[in-house]
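**Student:**
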Amino acid sequence: MAVPIIWVAVIFASRGVARLILRPWRKTQTYGFRLIGLTTLLVVLLDAGLEPFATRVKHYWFWNPTKLKFDWYTTPWINFVGWAFTTLLILAVATPSLINKKPVQQPAPDYFPLAVWLLMNLLFATGAAAHQLWPALGLISIISIAVAVFAIRGARW
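Residues 1 to 157, numbered by the working numbering, are exactly what the sequence shown covers, in order.
Here it is in structure tokens:
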């Protein structure tokens with residue numbers, strides 16, 4: 001029951017962060033496609049932090065070994081492709097209802113989605129640190145810092 005709630009939180013937070021990052025390019029014709037693509041990337045990056053937390057720290061699910069040796073804390077890479085495809089599908093259906101149909105002046109930047117996105121990553125990073133999952137902690141930290149810098153830079157543009 002928690003997974004659908006996680007999906008909603010991750011997608012909406014990632015979309016809000018993508019809007020902050022892409023704020024300087026809001027008036028371009030390809031903004032919508034860039035927003036969908038960046039949102040999908042941010043969802044997959046967040047999942048990269050979620051998987052070690054869910055599999056090694058909380059034991060929410062377990063992955064069976066695959067024939068391919070490419071995995072991230074036992075999570076097969078096809079899982080990340082699945083997250084990307086599912087996110088694209090959800091955004092393709094939901095985006096038309098999320099677009100503001102009335103032209104308005106660009107409002108002040110909303111940092112709430114960035115805070116939610118970073119807090120989710122902080123939760124995963126804390127779990128990784130407590131269980132000495134150093135590569136996961138490093139990846140989560142690098143991703144979080146980079147996304148925060150780009151989001152704040154884009155919001156202040």
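Glycine is no exception: its CB is placed at the ideal position from the N, C-alpha and C atoms.
Which class does P76 belong to by DSSP, given the choice of helix, strand or coil?
**Tutor:** strand
**Student:** Which residue comes first and which comes last in the alpha helix (DSSP H) that contains W61?
**Tutor:** For W61, there is no enclosing alpha helix (DSSP H), since its DSSP letter is neither H nor E.
**Student:** How would you write the range of the alpha helix (DSSP H) that W157 sits in, first residue to last?
**Tutor:** No alpha helix (DSSP H) contains W157, which DSSP labels as neither H nor E.
**Student:** Determine whether the beta carbon atoms of G243 and F124 lie at a separation below 8 Å.
**Tutor:** Summary: the structure shown does not reach residue 243, with the chain confined to residues 1 through 157, and so no result is reported for it.
**Student:** Considering I5, what are the terminal residues of the alpha helix (DSSP H) in which it resides?
**Tutor:** A2 to I21
**Student:** What residues match up with D158 in a beta bridge as DSSP calls it?
**Tutor:** A question about residue 158 goes unanswered here, because the residues of the chain that appear run from 1 up to 157.
**Student:** Assuming A18 contacts T39 (C-beta within less than 8 Å), just tell me the rounded distance between them.
**Tutor:** 4 Å
**Student:** Whose C-beta lies closer than 8 Å to the C-beta of L98 among residues of the same chain, with five residues either side of it excluded?
**Tutor:** Around L98: R15.
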